[in-house]
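A.B. asks: In this note's numbering, the protein residues as written are 40 to 286.
1) According to DSSP, is residue 193 part of a helix, a strand, or is it coil?
2) Quick one: measure Cβ to Cβ for residue 221 and residue 163, integer angstroms, because I've assumed they're closer than 8 angstroms.
3) Check whether the Cβ atoms of residue 211 and residue 264 sit closer than 7 angstroms, and answer yes or no.
4) Is it buried or exposed for residue 169, if we count other Cβ within 10 angstroms and need 16 for buried?
5) Go ahead and pull the three-state DSSP assignment for residue 142.
6) Would you report the Cα separation of residue 152 and residue 281, rounded to the nearest angstrom?
7) Considering only the beta carbon of each residue, do residue 257 and residue 227 sit closer than 7 angstroms?
8) Identify every residue that forms a DSSP beta bridge with residue 175.
9) Identify which residue in 206, 249, 201 has its Cα closest to the Cα of residue 237.
10) For the alpha helix (DSSP H) holding residue 209, just list the boundary residues, first then last.
11) Secondary structure at residue 161, three-state DSSP: helix, strand or coil?
12) For residue 225, which residues does DSSP report across the bridge?
13) Whole-angstrom Cβ separation of residue 277 and residue 178, contact assumed at under 8 angstroms?
14) Hey, quick one: how far does the beta strand (DSSP E) through residue 269 stretch, first residue to last?
15) Between which two residues does the beta strand (DSSP E) holding residue 262 run?
16) Going straight from the alpha carbon of residue 206 to that of residue 232, what length do you get?
17) Name, in chain order, the residues that DSSP records as bridge partners for residue 275.
18) Taking DSSP as the reference, what is the three-state secondary structure of residue 33?
19) Would you report the Cα separation of residue 283 and residue 189, rounded to the nearest angstrom?
20) My understanding is that residue 199 touches residue 261, with C-beta atoms under 8 angstroms, so please give their C-beta distance in whole angstroms.
21) Express the C-alpha separation of residue 184 and residue 239 in angstroms, rounding to a whole number.
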């Protein structure tokens with residue numbers, strides 16, 4: 040019979056033990072002990088083993104590892120202001136930021152960057168294009184020169200400042216639209232003062248040929264593989280640049 044809580048009540052348990060006959064309790068192994076003489080049987084609710092715990096623990100460990108990896112990668116990609124080549128898995132800044140995840144980050148480096156002699160490991164944020172030591176991002180919309188520069192700054196970058204003609208040729212290939220105009224980080228502070236890059240250096244006319252400034256056109260734009268001047272208030276697309284993250 041069953042009691043109010045749904046447990047089986049074994050009225051004949053003492054008779055089975057005294058007679059030596061086989062019964063449910065004799066072959067129970069690690070089941071409930073035989074009640075001592077003179078004492079009423081006391082039943083204890085024994086919870087069933089929770090088979091879900093190992094799976095929950097595994098999921099928790101997997102989630103923690105994933106968060107650690109995401110945190111390390113996010114820090115690497117967002118790291119700015121360090122001299123080139125110092126943002127790596129082996130320097131003190133990295134260990135301070137990622138703590139005990141140093142070994143995990145080394146494995147991540149192996150996964151993201153197959154070992155290539157003389158190349159190192161260079162990564163860019165999602166949606167950016169890697170070339171040499173720079174990452175490039177191209178806007179789909181149009182805006183003025185100053186607003187374009189503000190947008191690049193918000194992205195932790197700056198308007199494009201090409202270093203040589205080879206870089207312009209590469210950009211011409213990835214932009215794939217030589218008829219469009221793209222703002223770059225070149226401007227003329229005042230009429231007749233010469234062209235200046237956003238980093239303060241002056242335009243090297245031996246590297247880039249620029250059309251003469253006229254009609255208030257004092258901001259540089261990229262069209263195809265050439266740099267020309269344009270009105271700073273006109274709406275053009277733009278290209279942002281930032282240094283790669285070196286692992």
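Backbone N, C-alpha and C fix where the C-beta goes; we use that ideal spot for every residue, glycine too. All figures in this text were calculated on a predicted structure; none of them were measured in a lab.
C.D. replies: With the given structure in hand:
1) As a first step, residue 193 is located in the chain shown; it is residue number 154 there, counting from the start. The answer is helix: DSSP assigns residue 193 an H, G or I state.
2) Residue mapping note: residue 221 aligns to position 182 of the chain shown, counting from 1. Residue mapping note: residue 163 aligns to position 124 of the chain shown, counting from 1. The pair is not a contact, with the Cβ atoms about 18 angstroms apart (cut-off 8 angstroms).
3) Working through the chain shown from its first residue, we reach residue 211 at position 172. Working through the chain shown from its first residue, we reach residue 264 at position 225. It is a contact, given that the beta carbons lie within the stated cut-off.
4) The sequence position of residue 169 within the chain shown is 130, counting from 1. That one is exposed.
5) Counting from 1 along the chain shown, the entry for residue 142 is found at position 103. Helix, per DSSP.
6) Position 113 of the chain shown holds residue 152. Position 242 of the chain shown holds residue 281. Going from the Cα of residue 152 to the Cα of residue 281 covers about 19 angstroms.
7) As a first step, residue 257 must be located in the chain shown, where it is residue number 218. As a first step, residue 227 must be located in the chain shown, where it is residue number 188. In this structure, residue 227 lies closer than 7 angstroms to residue 257 by Cβ.
8) Position 136 of the chain shown holds residue 175. Looking at the DSSP assignment, residue 175 forms a beta bridge with 168, 280.
9) On the chain shown, position 198 is the one that residue 237 refers to. Of the listed residues, the one whose Cα sits closest to residue 237 is 201.
10) Reading the chain shown from its first residue, position 170 is the one you call residue 209. That run of the alpha helix (DSSP H) goes 204-214.
11) Here residue 161 corresponds to residue number 122 of the chain shown, with the count starting at 1. Note: residue 161 maps to strand in three-state DSSP.
12) As a working mapping, residue 225 is identified with position 186 in the chain shown. Beta-bridge annotation (DSSP): residue 225 is paired with 236.
13) Along the chain shown, one-based indexing puts residue 277 at 238. Along the chain shown, one-based indexing puts residue 178 at 139. Between residue 277 and residue 178, the beta carbon gap of about 5 angstroms places them in contact (Cβ cut-off 8 angstroms).
14) Against the chain shown, residue 269 aligns to sequence position 230. Unbroken beta strand (DSSP E) run through residue 269: 265-269.
15) Translated into positions along the chain shown, residue 262 becomes position 223. From DSSP, the beta strand (DSSP E) with residue 262 extends over 258-262.
16) Taking the chain shown and counting its residues from 1, one reaches residue 206 at position 167. Taking the chain shown and counting its residues from 1, one reaches residue 232 at position 193. Near 26 angstroms, if we compare the C-alpha coordinates of residue 232 and residue 206.
17) As a position in the chain shown, residue 275 is number 236, starting the count at 1. For residue 275, DSSP records a beta bridge to 182.
18) In the structure as shown, the chain begins at 40 and stops at 286. Residue 33 is therefore absent and cannot be evaluated.
19) By 1-based counting over the chain shown, the position of residue 283 is 244. By 1-based counting over the chain shown, the position of residue 189 is 150. Distance between the alpha carbons of residue 283 and residue 189: 20 angstroms.
20) In the chain shown, residue 199 corresponds to position 160, counting from 1. In the chain shown, residue 261 corresponds to position 222, counting from 1. Right, their Cβ atoms sit about 7 angstroms apart.
21) Reading the chain shown from its first residue, position 200 is the one you call residue 239. Reading the chain shown from its first residue, position 145 is the one you call residue 184. For residue 239 and residue 184, the distance between alpha carbons rounds to 17 angstroms.
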